[in-house]
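Heads up: the protein sequence lines correspond to chains A and B, in order.
Using the numbering used here, read the first sequence as starting at 1 and increasing by one per residue.
Using the numbering used here, read the second sequence as starting at 1001 and increasing by one per residue.
Number of protein chains: 2
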Amino acid sequence: MQDEGIEPNIGDGSRRILDAAEELFADRGFDAVSMHAIAQAAGISKANIYHYFPNKDALYLAVLRSASENLRTLLQEAINSHGSVSEILHHFANSHLQALLKRPRLVRLVWREILEKGAPRAKELAEQGFSELFSNLVELIRNGQERGELRAEIDPAVAAILLIAGNVFFFQHRDTLRHYPEVAFANDPEAYDKAMVELLLLGIATPNPSS
Amino acid sequence: MQDEGIEPNIGDGSRRILDAAEELFADRGFDAVSMHAIAQAAGISKANIYHYFPNKDALYLAVLRSASENLRTLLQEAINSHGSVSEILHHFANSHLQALLKRPRLVRLVWREILEKGAPRAKELAEQGFSELFSNLVELIRNGQERGELRAEIDPAVAAILLIAGNVFFFQHRDTLRHYPEVAFANDPEAYDKAMVELLLLGIATPNPSS
DNA sequence: GTGGCCCTCGACCGGTTGGTCGGTCCAGCA
DNA sequence: TGCTGGACCGACCAACCGGTCGAGGGCCAC
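Put into structure tokens, the structure is as follows:
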């Protein structure tokens, strides 16, 4: 039968296990983390983990499920806004990137699962967050087009992908970007998002006077 | 001329090992791949691997070095072009994405290493490809600004990141994107790049606010 | 008391891991 | 012809893996 809403047995014991496992899985991946290491990080014995979770896969799945849900609700906040399309997009980009930066462990964990090819343990689960976000953003851009604030010729999906990709790329490579002198915004995600959305809105080409 | 000048012993034996290891490491990651599996995939005995490589780490490093070099030369082709800025950017984006799609194993392998946090085995090695690409693209956009074809107000680094991020995102999620009805270009990278570069050039906002 | 009921644990299991070792095969060369 | 050295392998090793088991201990109802 199906589980009803929320996992029934989330006590203090399993919570500490989940926390420890989440960090380790996010940092090193499924295979590189042993149950012994998780137990040690949680401050309990390895056998005790098996009192709460039947096996390693189930533990990983529980961690992923928890992370996916948390990440989803976190990202959901990005689409609650109003105003002009420009304001909405600015708010969306900023909230989205802030959400990613707020819980980097969750993001890395979920992303790791999405990118895995060998053994997709719960790909759909990990993808659901992106799915909602993407659909909502596409809808949002489409509304902007209908209201005439955005050009009708553009593909909303391309614009949505660019916005999300820009944020994800910044999140994933912010440490690397810090090393480049060309990058002035590596430590300032808000400035980055501001520049990015303005660039997306106005384009990089010099406007043609005879348009 | 078969001598590459760097690695002294690249014979037929080690080549097959590197090929097999590259595929397995790219698909499943370092820890999930056993030396036995690599030997089996290469059609040799496990002990024979140790005739060419001192240990698993050295083998992984050799695979990563080879992949990084190949990927770098592959990406290098993207920056050789001329014409107007618009043409150059279109060519760059297209070549870049084609390069990614041409050798997905290399890309996944290198990207996996970049994203790893627990044990960065050769992060700098994996990042060098992106480094060159990014610097060249920034320079390219800066030239366009000096020639007046691109707006002077934009940050070249932001534009460069958006372009690369858009391609990388498409590459990494093309399988997922196929499931969305909003996405018409999931099987057509050229169409995607065309739309993306045009969007970047002209922006998504209507040029004249509500008249 | 004492019997159940969760937690918690050390000790243990079979299997797999990265890595080693002694030895075989065979082309090249004297 | 015999020797040499690189390519190659089956068998083996200690360590570790995920997972099991039986036993303790605190706690509450009786």
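Cβ coordinates follow ideal geometry from the N, Cα and C atoms, glycine included.
{"query": "What residues are listed by DSSP as bridge partners for residue 1150 of chain B?", "result": "A:205"}
{"query": "Just to confirm, are residue 216 of chain A and residue 197 of chain A a CB contact at a threshold of 9 Å?", "result": "The displayed coordinates of chain A run from 1 to 211. Any statement about residue 216 of chain A would go beyond what the structure contains."}
{"query": "Looking at chain A, is there any beta carbon in it that lies within less than 9 Å of the beta carbon of residue 1129 of chain B?", "result": "no"}
{"query": "Check distances from the C-beta atoms of the region 11 to 34 of chain A to those of chain B and list, in chain order, the residues that come in under 7 Å.", "result": "27, 28, 29, 31 and 32"}
{"query": "Residue 1033 of chain B lies in the alpha helix (DSSP H); which residues open and close that run?", "result": "Unbroken run through residue 1033 of chain B: none, as it is neither H nor E."}
{"query": "Any residues in the region 1143 to 1154 of chain B with a beta carbon nearer than 7 Å to a beta carbon of chain A? Which ones, in chain order?", "result": "1148, 1149, 1150, 1151 and 1154"}
{"query": "Roughly how far, in whole angstroms, is the beta-carbon of residue 113 of chain A from the beta-carbon of residue 102 of chain A, given that I think they are within contact range, below 8 Å?", "result": "Contact flag wrong, Cβ pair sits at about 19 Å."}
{"query": "When you compare the CB of residue 53 of chain A with every CB in chain B, is at least one pair closer than 9 Å?", "result": "no"}
{"query": "Using a Cβ distance threshold of 8 Å, determine whether the region 1147 to 1155 of chain B contacts the region 1095 to 1109 of chain B, with at least three qualifying pairs required.", "result": "no"}
{"query": "Relative to the alpha-carbon of residue 63 of chain A, which residue among A:16, A:185, A:139 and A:137 has its alpha-carbon at the smallest distance?", "result": "A:16"}
{"query": "Counting only beta-carbon atoms, is residue 1004 of chain B nearer than 9 Å to chain A?", "result": "Bear in mind that a pLDDT of 33 at residue 1004 of chain B, under 50, signals an unreliable position, so the number given afterwards is only what the model happens to contain. No, residue 1004 of chain B does not count as interfacial toward chain A."}
{"query": "For residue 81 of chain A and residue 91 of chain A, I'd like the C-alpha separation in whole angstroms.", "result": "7 Å"}
{"query": "Between which two residues does the alpha helix (DSSP H) harbouring residue 160 of chain A extend?", "result": "156 to 177"}
{"query": "Counting only beta-carbon separations shorter than 9 Å, does residue 1189 of chain B have a partner in chain A?", "result": "no"}
{"query": "Give a yes or no on contact between the region 22 to 35 of chain A and the region 1024 to 1031 of chain B, applying the rule of three or more CB pairs nearer than 8 Å.", "result": "yes"}
{"query": "Quick test of your reading: residue 213 of chain A and residue 125 of chain A, contact by CB under 8 Å. State the CB separation rounded to the nearest angstrom.", "result": "This structure does not reach residue 213 of chain A, given that chain A is present from 1 up to 211, and the question cannot be answered."}
{"query": "Pairs of beta-carbons, one from the region 157 to 177 of chain A and one from the region 132 to 142 of chain A, closer than 8 Å: are there three or more?", "result": "yes"}
{"query": "Since residue 1193 of chain B contacts residue 1094 of chain B with CB under 8 Å, what's their CB separation in whole angstroms?", "result": "5 Å"}
{"query": "Which whole-angstrom value is the C-beta distance of residue 1109 of chain B and residue 1067 of chain B, which I expect to be below 8 Å?", "result": "5 Å"}
{"query": "In its own chain, which residues sit with a C-beta less than 8 Å from the C-beta of residue 1012 of chain B, not counting the 5 before and 5 after it?", "result": "none"}
{"query": "Any C-beta of chain A sitting closer than 9 Å to the C-beta of residue 1164 of chain B?", "result": "yes"}
{"query": "Can you tell me whether residue 190 of chain A is buried or exposed? The criterion is at least 16 other CB atoms within 10 Å of its CB, across all chains shown.", "result": "exposed"}
{"query": "So, helix, strand or coil for residue 103 of chain A, using DSSP?", "result": "coil"}
{"query": "Taking only beta-carbon positions, decide if residue 1178 of chain B is within less than 9 Å of chain A.", "result": "no"}
{"query": "In chain B, which residues lie less than 7 Å from residue 195 of chain A when you measure between Cβ atoms?", "result": "1155 and 1158"}
{"query": "Enumerate in chain order the residues of its own chain whose CB-to-CB distance from residue 1211 of chain B is below 6 Å, with the five nearest sequence positions on each side excluded.", "result": "Confidence at residue 1211 of chain B is low in this model, with a pLDDT of 37, below 50, so its placement is unreliable and the value that follows should be read with caution. Here the set comprises nothing."}
{"query": "Within its chain, find whatever has a CB closer than 6 Å to the CB of residue 295 of chain A; leave out the 5 residues flanking it on each side and keep chain order.", "result": "Because residue 295 of chain A is not part of the residues shown, which for chain A are 1 to 211, the question remains open."}
{"query": "Would you mind giving the Cβ-Cβ distance between residue 169 of chain A and residue 1168 of chain B, rounded to the nearest angstrom? I have them listed as a contact below 8 Å.", "result": "7 Å"}
{"query": "Determine whether the beta carbon atoms of residue 60 of chain A and residue 142 of chain A lie at a separation below 9 Å.", "result": "no"}
{"query": "Taking the Cβ atom as the reference point for each residue, do residue 84 of chain A and residue 53 of chain A lie within a distance shorter than 9 Å?", "result": "no"}
{"query": "CB-CB under 8 Å to residue 1178 of chain B, same chain, minus the five flanking residues each way: which ones, in chain order?", "result": "1186 and 1187"}
{"query": "Taking Cβ-Cβ distances shorter than 7 Å, what residues in chain B pair up with residue 120 of chain A?", "result": "By Cβ distance, chain B contributes nothing, its closest Cβ being about 10 Å from residue 120 of chain A, past 7 Å."}
{"query": "Would a C-beta distance cut-off of 9 Å place residue 1074 of chain B and residue 204 of chain A closer than the cut-off?", "result": "no"}
{"query": "Anything in chain A within Cβ reach of residue 1203 of chain B, meaning under 7 Å, just list it in chain order.", "result": "200, 201, 202 and 203"}
{"query": "With distances taken Cα to Cα, identify the nearest neighbour of residue 200 of chain A among A:181, A:86, A:175 and A:127.", "result": "A:86"}
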